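Asker: Before anything else, here's the structure in question.
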Amino acid sequence: MRRRSLLAAPLATLATPAFAQGAWPSRPVRIISSSPPAGASDILSRTIAAALQEQTGQSFPVENRPGAGGVIGSDFVAKSAPDGYTWLTTNVGPQAIFRELVRNMPYDTRNDFRHVTIIGTLPVVLIINKDLPFRTLADYVAAAKARPGAINFGSGGNGTLHHLTAELLKSAAGIDITHVPYRGAQAATADVLGGRIEGMIDSLPSAAVHIRSGNVRALAVSSANRNSAFPEIPTFAESGYPSVVTTNWFSIAGPARVPEEIIQAMYAQLKRALDSAPVRERLASIGVDPGGDTPEVTQRYIHGEIDRWGEVVRRTGVTMD
């Protein structure tokens, strides 16, 4: 206990005077997850919320508002009161990819959010039903070439990172596989498990339990290097497709006009959580690399991601239809 107190003391000095006096949080703080329960956003939200509750003694309930690839939850937070009591766990899809892809977006990704920090980065993974004969990505590609259009792949929705990663694979491998978008990855996972679709691109944390149980077979991950939690899964790059390297990130963000002192207080608590052994161990177990950069660095990074993914969308020709 003494060691924990000594470690916590320097972090406590990061809090603003308003936070130190108990002005924030003085009541429950909502974290909105833009994915259904058991999705990557939900898993990360609940991991962080539990740590924040322990650190502050205040409740941090997680509320799921899925739909439209994360747009519904994102829009809710963008239009919430900027008082520091409603935050969003968001990712590359609704914050970067959709800016180029979605017509009449209900919010402006550059101007309507203040990002506090990226809590974790992770690859996506190609998983297939365990009863299929494909043992490797090469087997999967060969089958797709033999039967153009016959193999289906699911995703958490049109224009998501899952979808774009599959489009990059289609282009790199010269295959025709059929996209089946779902309203959240969990519905797609259920159909993979049930054999109603052959496979899907999923976030590694969401797929982890099914990979470990042997209920699905993982053929490739989208990171540049093998993931330390699943070193047995090869990358797309080492399997012959170096252009198929994608990474999802998850940030905690509030409405644009959250006061700076609350942004910094929230960052101090998030950094403390992300530096703690229990959180780091939990994230590592599901293949997530913890973040923790400052709000200023995070905001610049995400604006760069908006530019990067806009170019990818234009190059691949992906649409929401």
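Those letters in the sequence shown? Residues -20 to -1, 1 to 301, by mature numbering (1 follows the signal peptide of the UniProt record, and there is no 0).
By construction, the Cβ of each residue, glycine as well, lies at the ideal position given by its N, Cα and C atoms.
It should be emphasised that the depicted structure is a prediction, and the values quoted were computed from it without experimental measurement.
Distance, Cα to Cα, residue 1 vs residue 39?
Answerer: For the purposes of this step, residue 1 is taken as residue 21 along the sequence shown, with counting starting at 1. For the purposes of this step, residue 39 is taken as residue 59 along the sequence shown, with counting starting at 1. For residue 1, the pLDDT reaches just 45, beneath the cut-off of 50, and the residue's location in the model is therefore unreliable, leaving the point undetermined.
Asker: Ends of the alpha helix (DSSP H) at residue 164?
Answerer: Numbered from its first residue, the sequence shown carries residue 164 at position 184. Run containing residue 164: none; DSSP gives neither H nor E here.
Asker: Let me know the beta strand (DSSP E) ranges lying completely inside the stretch 8 to 70, each 3 residues or longer, listed in chain order.
Answerer: DSSP runs (the beta strand (DSSP E)) wholly in the stretch 8 to 70: 10 to 13 and 42 to 44.
Asker: With DSSP as the reference, label residue 184 as helix, strand or coil.
Answerer: Here residue 184 refers to the residue found at position 204 when the sequence shown is read from its first residue. The answer is helix: DSSP assigns residue 184 an H, G or I state.
Asker: Could you please give the first and the last residue of the uninterrupted alpha helix (DSSP H) stretch that includes residue 93?
Answerer: Numbered from 1 along the sequence shown, position 113 holds the residue referred to as residue 93. Here residue 93 belongs to no alpha helix (DSSP H); instead the beta strand (DSSP E) covers 93 to 102.
Asker: Just mark residue 265 as buried or exposed, buried being the case when its beta carbon has 16 or more other beta carbons within 10 Å.
Answerer: In the sequence shown, counting from the first residue as 1, residue 265 sits at position 285. With fewer than 16 Cβ atoms within 10 Å of its Cβ, residue 265 is classed as exposed.
Asker: Pull up the distance between the alpha-carbon of residue 189 and that of residue 121, whole angstroms please.
Answerer: Taking the sequence shown and counting its residues from 1, one reaches residue 189 at position 209. Taking the sequence shown and counting its residues from 1, one reaches residue 121 at position 141. About 25 Å.
Asker: Compare the Cα-Cα distances from residue 48 to each of 13, 31 and 36 and report the closest residue.
Answerer: Mapped onto the sequence shown, residue 48 falls at position 68. Comparing Cα-Cα distances from residue 48 to each of 13, 31 and 36, the minimum goes to 13.
Asker: Rounded to the nearest angstrom, what separates residue 186 and residue 6 at their Cα positions?
Answerer: The sequence position of residue 186 within the sequence shown is 206, counting from 1. The sequence position of residue 6 within the sequence shown is 26, counting from 1. Distance between the alpha carbons of residue 186 and residue 6: 33 Å.
Asker: Can you grab the Cα-Cα spacing for the pair residue 117 / residue 213, in whole Å?
Answerer: Start at 1 with the first residue of the sequence shown, and residue 117 comes out as number 137. Start at 1 with the first residue of the sequence shown, and residue 213 comes out as number 233. The straight-line gap from Cα to Cα measures roughly 10 Å.
Asker: If you draw a straight line from the alpha carbon of residue 216 to that of residue 172, how long is it in whole angstroms?
Answerer: The residue given as residue 216 occupies position 236 in the sequence shown. The residue given as residue 172 occupies position 192 in the sequence shown. So the alpha carbons of these two residues sit roughly 20 Å apart.
Asker: Compute the distance between the beta-carbons of residue 206 and residue 31, then report whether it is under 9 Å.
Answerer: The residue labelled residue 206 in the question sits at position 226 within the sequence shown. The residue labelled residue 31 in the question sits at position 51 within the sequence shown. Against a cut-off of 9 Å, the Cβ pair of residue 31 and residue 206 comes out as no contact.
Asker: With DSSP collapsed to three states, give me the class of residue 133.
Answerer: Taking the sequence shown and counting its residues from 1, one reaches residue 133 at position 153. Residue 133 falls in the strand class under three-state DSSP.
Asker: Return the chain-ordered list of same chain residues with a C-beta closer than 6 Å to the C-beta of residue 131, the five sequence neighbours on each side being excluded.
Answerer: To locate residue 131, count along the sequence shown from 1; it is residue 151. The answer, listed in chain order, is 124, 157 and 178.
Asker: Could you have a look at residue 74 and say whether DSSP puts it in helix, strand or coil?
Answerer: Position 94 of the sequence shown, counting from 1, holds the residue named residue 74. It is helical.
Asker: Pull up the CB-CB distance for residue 141 and residue 72, whole angstroms please, since I reckon it's below 8 Å.
Answerer: Translated into positions along the sequence shown, residue 141 becomes position 161. Translated into positions along the sequence shown, residue 72 becomes position 92. Residue 141 to residue 72, Cβ: 5 Å. Contact.
Asker: Please report the residue range of the alpha helix (DSSP H) in which residue 362 lies.
Answerer: An answer regarding residue 362 cannot be provided, because it is not within the stretch -20 to 301 covered by the chain.
Asker: Could you tell me which whole beta strand (DSSP E) segments of length 3 or greater appear in the stretch 178 to 244?
Answerer: The stretch 178 to 244 contains these whole beta strand (DSSP E) runs: 179 to 183, 196 to 201 and 228 to 235.
Asker: Let me check understanding here. Comparing Cα to Cα, which of 104, 279, 133 and 29 lies closest to residue 203?
Answerer: Along the sequence shown, one-based indexing puts residue 203 at 223. Selected option, being the one with the closest Cα: 104.
Asker: In terms of alpha-carbon separation, which member of 296, 164 and 256 lies closest to residue 150?
Answerer: Stepping through the sequence shown from its first residue, residue 150 is reached at position 170. It is 296.
Asker: If you reduce the DSSP assignment to three classes, tell me which class residue 128 lands in.
Answerer: Here residue 128 refers to the residue found at position 148 when the sequence shown is read from its first residue. Correct three-state label for residue 128: coil.
Asker: Considering only residues of the same chain and omitting the five flanking positions on each side of residue 153, which have a CB-CB separation below 7 Å?
Answerer: Residue mapping note: residue 153 aligns to position 173 of the sequence shown, counting from 1. Once the five neighbours on either side are set aside, the close Cβ partners of residue 153 are 121 and 221.
Asker: Mapping the DSSP letters down to three states, classify residue 1 as helix, strand or coil.
Answerer: Translated into positions along the sequence shown, residue 1 becomes position 21. Confidence at residue 1 is low in this model, with a pLDDT of 45, below 50, so the placement of that residue should be treated as unreliable; the coordinate-derived value is given next. Of the three classes helix, strand and coil, the one that applies to residue 1 here is coil, per DSSP.
Asker: Check whether the Cβ atoms of residue 144 and residue 226 sit closer than 9 Å, and answer yes or no.
Answerer: The residue given as residue 144 occupies position 164 in the sequence shown. The residue given as residue 226 occupies position 246 in the sequence shown. Their beta carbons are under 9 Å apart, which means residue 144 touches residue 226 by this criterion.
Asker: Tell me which residue opens and which closes the alpha helix (DSSP H) that residue 281 is part of.
Answerer: Taking the first residue of the sequence shown as 1, we reach residue 281 at position 301. 275 to 296 is the extent of the alpha helix (DSSP H) around residue 281.
Asker: Determine, using beta-carbon pairs with one atom in the stretch 228 to 244 and one in the stretch 84 to 100, whether at least three such pairs fall under 8 Å.
Answerer: Touching, yes.
Asker: Short check: CB of residue 20 to CB of residue 165, under 9 Å?
Answerer: Counting from one through the sequence shown, the residue named residue 20 turns up at place 40. Counting from one through the sequence shown, the residue named residue 165 turns up at place 185. Yes, the Cβ-Cβ distance between residue 20 and residue 165 is below 9 Å.
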